[in-house]
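Numbering (this note's numbering), first residue to last: 1023 to 1410.
Backbone N, C-alpha and C fix where the C-beta goes; we use that ideal spot for every residue, glycine too.
Bear in mind the structure is a predicted one, so any value in this text is a computation, not a measurement.
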Ligand SMILES: *Cc1c(COP(=O)(O)O)cnc(C)c1O
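In structure tokens, the structure reads:
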């Protein structure tokens, strides 16, 4: 090996991570492992560890109890006919699009859809017709827009083969009336895929209750799992297509390339599941806490965007005040990041001041009080410096 490489490798031998005491990163709040999952991660960390007793189908492995998890527990949890493990929400969306739609078709998606919805569609050769949001300050999606978007594409001669609703979206944390969207899509003869990357594992989601035909979730985002892992559920008529078996390799599901998560990630999801089930039952407490936090920041002049009162822990804030301070701060637009870090708080993207996202999920109220005080101090200090 050339010394130009080997001389750089020492740092790889000890991989450390630095996170502050209080982490507000929406991406990370719901993916923090339980003690049980952390132990499972070590126990099952070797490659292909899940396959010791596999007889050809990952979802039928009985030791560890994958079959029970995938075929009994998860379908009850999501209230849906069939469930499979994927590598993430995006892989679930892609599998559904690739199997249910034909290249050249249109899908309809909400204007707040995640970029992975767009990439999944592009990879499957599909075009997207959007239901636009209402704009500032709430950015809501009107379910009736789905009818217009479906009809517009159909009027132009395109086949609309799927609708996607992001529930909630990853920017504002808005929860659209999914039941109503499903009703409209079904009246127009289009199946609905519910993207629950930020809901499944945090709040109760019943596919049957919402009448969603397909649902996807993200394990590393909302199910206390070490990724990449997700779940994909479908009503039987769609499951038969999405999870169809290979013509030549019987027992292998084509869309999943036979097996998906075949290691520690799956075991962390299973090990965390009792906790996930329990926390979903306490969702209302999280909503109340988010609303309280939002009102505290608003008192400081930091305005929450998106639905109000809010129904989710993911929130988007705007602050002209912090932006003004950043213009003269020594560290410029990085000042907020550093000021928070000095106070043991991380998770707001470095460089952002005027608008940013954060999550209060599973953060104790005392810690959130510290966050509020930190913002108050930072604003007061910045205002003082500017006045001088
Ligand atoms: C994070 C996120 C995704 C992607 O989830 P993966 O499991 O990493 O693929 C998709 N949609 C939304 C709304 C998200 O917030």
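Exercise. Assign residue 1023 to one of two classes, buried (16 or more other C-beta atoms within 10 Å of its C-beta) or exposed (fewer than that).
Key: exposed
Practice problem: For residue 1061, I'd like the list of residues in its chain whose CB is within less than 8 Å of its CB, leaving aside the five on either flank, ordered along the chain. | Solution: 1293
Quiz item: Quick one, which of 1029, 1045, 1037, 1026 has its alpha-carbon nearest residue 1371's?
Solution: 1045
Quiz item: Touch check for the region 1040 to 1056 and the region 1370 to 1389: three-plus C-beta pairs under 8 Å?
Solution: yes
Practice problem: Give a yes or no on contact between the region 1089 to 1101 and the region 1223 to 1232, applying the rule of three or more CB pairs nearer than 8 Å. | Solution: yes
Self-check item: DSSP bridge partner residues for residue 1132 (one or two, in chain order)
Solution: 1153
Quiz item: Do residue 1161 and residue 1328 have their CB atoms nearer than 7 Å?
Solution: yes
Quiz item: Taking the alpha-carbon positions, what's the residue 1385 to residue 1043 distance?
Solution: 11 Å
Practice problem: Pull up the distance between the alpha-carbon of residue 1185 and that of residue 1211, whole angstroms please. | Solution: 10 Å
Quiz prompt | beta strand (DSSP E) segment containing residue 1095, residue limits | solution = That residue, residue 1095, is in no beta strand (DSSP E); it is neither H nor E in DSSP.
Exercise. Take every Cβ of the region 1238 to 1251, pair it with every Cβ of the region 1051 to 1059, and state whether three or more of those distances are shorter than 8 Å.
Key: yes
Exercise. Could you pull out every unbroken beta strand (DSSP E) segment of at least 3 residues lying fully inside the region 1176 to 1230, listed in chain order?
Key: 1182 to 1188, 1214 to 1217
Self-check item: Rounded straight-line distance, which links the Cα of residue 1036 to that of residue 1029
Solution: 15 Å
Practice problem: For my contact list, residue 1130 and residue 1175 are in at a C-beta cut-off of 8 Å; report their separation, rounded to the angstrom. | Solution: 7 Å
Quiz item: At a cut-off of 6 Å, is residue 1111 close to ligand 1 when judged by its beta-carbon and the heavy atoms of the ligand?
Solution: yes
Self-check item: Closest Cα partner of residue 1280 within the set 1240, 1142, 1073
Solution: 1073
Practice problem: Please state whether DSSP places residue 1352 in a helix, a strand or coil. | Solution: coil
Exercise. Could you say which of 1325, 1353, 1393 lies nearest to residue 1376 if we only look at CA atoms?
Key: 1325
Exercise. Say yes only if the C-beta of residue 1120 is nearer than 6 Å to one or more non-hydrogen atoms of ligand 1, and no if none qualify.
Key: no
Exercise. Could you spell out the range, first to last residue, of the alpha helix (DSSP H) harbouring residue 1391?
Key: 1387 to 1409
Quiz item: Any heavy atom of ligand 1 closer than 6 Å to the CB of residue 1219?
Solution: yes
Self-check item: heavy atom of ligand 1 below 6 Å from residue 1136 C-beta
Solution: yes
Quiz prompt | Given residue 1136 as reference, the closest of 1352, 1194, 1409, 1069 once Cα atoms are compared | solution = 1194
Quiz item: How would you label residue 1206, buried or exposed, when you count the other beta carbons within 10 angstroms and need 16 or more for buried?
Solution: buried
Practice problem: Tell me whether the beta-carbon of residue 1214 lies closer than 7 Å to the beta-carbon of residue 1118. | Solution: no
Exercise. Let me know if residue 1025 comes out buried or exposed under the rule of 16 or more other beta-carbons within 10 Å of its beta-carbon.
Key: exposed
Quiz item: What is the DSSP secondary structure of residue 1287, counted as helix, strand or coil?
Solution: helix
Practice problem: Check whether the Cβ of residue 1188 lies closer than 6 Å to any heavy atom of ligand 1, and answer yes or no. | Solution: yes
Quiz prompt | Rounded separation between residue 1051 and residue 1177 - CA only | solution = 43 Å
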